[in-house]
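Engineer: Sending over a structure as structure tokens; questions will come in a sec.
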Amino acid sequence: MSHFTKNSKANIVDRVAFEEACKELGLTNVIHDTTIQSFYGEAAQKVDVLASYGQRCQVGLQKNAKGQYDMIADWYCVNRETPSALRAQMGNGRTAENAILQFTTKHTLARKYRSQGYNCQFTNSQDGAIKMVMTKF
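Convert by adding 288 to the 1-based position in the sequence shown; the result is the number in the working numbering.
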């Protein structure tokens with residue numbers, strides 16, 4: 289039986305950065321103010337943002353009392369029906385959840401520093417690290 293897991297320590301503050309990260313990782317269908325379904329469809333929860341791949345691979349954000357977002361998903365489904373772009377980032381023992389959080393952080397930093405006049409270039413290393421190089425416009 290599948291179930292939802294909520295990551296309340298994700299500290300996601302930029303909903304758009306989460307959406308960009310999910311799209312980069314192959315979760316290309318993004319919907320606002322909807323419900324997320326578990327793998328077998330027996331449970332649903334309201335989310336502010338839903339990113340999905342296919343019908344059953346879904347990751348959502350729920351705004352918490354601190355004004356940040358908790359990430360919620362049926363990770364059994366996400367790990368079972370992972371898009372190839374996300375699977376490529378799951379090497380070296382990393383989970384889909386870790387990859388989504390890492391790419392959300394990448395897009396959060398890029399959005400922040402681009403708004404301050406920096407150009408951000410990213411490279412991915414084989415060990416899963418992401419290197420960011422910033423130059424002033």
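Quick reminder that beta carbons are idealized off the backbone N, C-alpha and C, glycines included.
Apart from the five residues on each side of it in sequence, which residues of its chain come closer than 7 angstroms, Cβ to Cβ, to E307?
Structural biologist: These residues qualify, in order along the chain: V318, V337 and A339.
Engineer: If the criterion is Cβ atoms closer than 7 angstroms, does the pair N412 and T423 meet it?
Structural biologist: No, the pair does not count as a contact, with Cβ atoms beyond the cut-off.
Engineer: Quick one: residues in its chain with C-beta nearer than 6 angstroms to the C-beta of G314, no 5 flanking neighbours on either side, listed in chain order?
Structural biologist: Correct list, in chain order: Y341, P371, A373 and L374.
Engineer: Might you give, ordered along the chain, the residues of its own chain that have their beta carbon closer than 6 angstroms to the beta carbon of F327, omitting 5 neighbours on each side?
Structural biologist: So the qualifying residues of the chain are S290, R344, D362, Y364 and C365.
Engineer: By Cβ distance, which residues of its chain are closer than 6 angstroms to A398, with the 5 residues on each side in sequence left out?
Structural biologist: Cβ within range, chain order: C408.
Engineer: Name, in chain order, the residues that DSSP records as bridge partners for G348.
Structural biologist: G348 pairs with L338 and I360.
Engineer: K294: which of T323, A331 and M359 sits nearest, CA to CA?
Structural biologist: Of the listed residues, the one whose Cα sits closest to K294 is M359.
Engineer: For the beta strand (DSSP E) containing F306, name the first residue and the last one.
Structural biologist: Segment R303 to E312 is the alpha helix (DSSP H) holding F306; no beta strand (DSSP E) there.
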